[in-house]
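Inspection log for the structure reproduced underneath, given as structure tokens.
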């Protein structure tokens, strides 16, 4: 039986621009589309255009005072800074609402059975955003909002698997005392952001990796840590913070993964999803700043999701 893979995006996510020549650029999404155009299978994807998150769905993740504070920023034709690494233009908050809305819609569609799995090609990314603080190019925590939506729809146990080169501090901060959500994060250590990367909780599984770690060591550590954690948690839905900046070509990271490692990783996570939750998984874009490598690796990710 054919697998249905949903791809959710929106062209307005490309209208969010921070500083000139910033690595988290609109060209990131364009590079993904260009890579997909070169495949023979992209027409098999079920495509949907993202809608903005409903305001009430921020509850449980981002407090009202944080949402209000962001709304008070009015960059006009310039930019307004959220933190030293993160700024917004006049289109950014809509882009962020679309990114969050995409992750939520993907969860809704997968839970409803409309799609077997999904990928959200959106920006800004989200996993550094803590409950009341945007940082690290992130405004809203897209994967955390998706997890909260799944729980509110009746899913009892969610697993979030984060394979960005940077630790998903925001996701850990939000769910550190929520045992119904397992968070597994692999990341270069020590490295940005240096927050919540040595936390000890039963539902938080950290896989720190030394600089220059390559595919073989990465696979061994991730497989050992994540397989054991998911066997104990037995999630009903797997969410993925898909960061492609652990690639050896990425300018912001110091890990040495190859395209083939992302193929292996997608297959590994998909096997876990089939074992525990009938294949239900939703992946959303986080990092990845070498445009060629990003496009290739997202294409690899989607190709395996379709299998």
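Numbering (our numbering), first residue to last: 16 to 322.
Beta carbons: idealized from backbone N, C-alpha and C, even for Gly.
Fair warning: this is a prediction, and the values are worked out from it, not measured in the lab.
Which one or two residues does DSSP pair with residue i in a beta bridge?
| i | result |
| --- | --- |
| residue 96 | 102 |
| residue 216 | 219 |
| residue 297 | 133, 254 |
| residue 199 | 176, 220 |
| residue 229 | 271 |
Locate the alpha helix (DSSP H) running through residue i, then write down its first and last residues.
| i | result |
| --- | --- |
| residue 320 | 306-320 |
| residue 46 | 42-52 |
Identify the continuous beta strand (DSSP E) that holds residue i and give its terminal residues.
| i | result |
| --- | --- |
| residue 63 | 61-64 |
| residue 24 | 20-24 |
| residue 85 | Not the beta strand (DSSP E): residue 85 falls in the alpha helix (DSSP H), residues 79-87. |
What whole-angstrom Cβ distance do residue i and residue j have, given they're in contact under 8 angstroms?
| i | j | result |
| --- | --- | --- |
| residue 186 | residue 167 | Not quite, the Cβ-Cβ distance comes to about 17 angstroms (not below 8 angstroms), so this is no contact. |
| residue 320 | residue 132 | 5 angstroms |
| residue 294 | residue 50 | Actually they do not touch by this definition, with Cβ atoms about 24 angstroms apart. |
| residue 18 | residue 227 | About 36 angstroms separates the two Cβ atoms, so there is no contact after all. |
| residue 31 | residue 110 | 4 angstroms |
| residue 137 | residue 114 | 4 angstroms |
| residue 208 | residue 146 | Going by Cβ atoms, the distance from residue 208 to residue 146 rounds to 15 angstroms, so no, they are not a contact pair. |
| residue 264 | residue 218 | Not really, about 33 angstroms apart at Cβ, beyond 8 angstroms. |
| residue 47 | residue 313 | 5 angstroms |
| residue 249 | residue 172 | 6 angstroms |
| residue 237 | residue 281 | Incorrect: roughly 12 angstroms between the Cβ atoms, too far for contact. |
| residue 272 | residue 261 | 5 angstroms |
| residue 259 | residue 302 | 7 angstroms |
| residue 162 | residue 254 | 6 angstroms |
* To do: Mind listing, in chain order, the continuous alpha helix (DSSP H) runs of no fewer than 4 residues lying wholly within the stretch 125-196?
  => Runs of the alpha helix (DSSP H) lying entirely within the stretch 125-196 and spanning at least 4 residues, in chain order: 157-167, 184-190.
* Asked: Which ranges would you report for the beta strand (DSSP E) in the stretch 240-281 if only whole runs of at least 3 residues count?
  -> Within the stretch 240-281, the complete beta strand (DSSP E) runs of at least 3 residues are 252-257.
* Does the pairing of the stretch 164-183 with the stretch 126-144 give three or more beta-carbon distances under 8 angstroms? -> The answer is yes - the stretch 126-144 touches the stretch 164-183, with three or more Cβ pairs under 8 angstroms.
* Asked: How do the stretch 25-40 and the stretch 122-131 stand: do at least 3 beta-carbon pairs fall below 8 angstroms, yes or no?
  -> No, the stretch 25-40 is not in contact with the stretch 122-131.
* **Stretch pair the stretch 284-291 + the stretch 19-27: three plus CB contacts closer than 8 angstroms** => Here the stretch 284-291 makes no contact with the stretch 19-27; the two share fewer than three CB pairs at distances below 8 angstroms.
* Would you check if the stretch 64-75 and the stretch 115-122 touch, i.e. whether three or more CB-CB distances between them fall below 8 angstroms? => The count of Cβ pairs closer than 8 angstroms, one atom from the stretch 115-122 and one from the stretch 64-75, reaches three, so the stretches are in contact.
* Hey, is the stretch 261-269 in contact with the stretch 183-198, meaning 3+ C-beta pairs nearer than 8 angstroms? -> Using a Cβ-Cβ distance cut-off of 8 angstroms, the stretch 261-269 and the stretch 183-198 are not in contact, since fewer than three pairs of beta carbons, one from each stretch, lie closer than that value.
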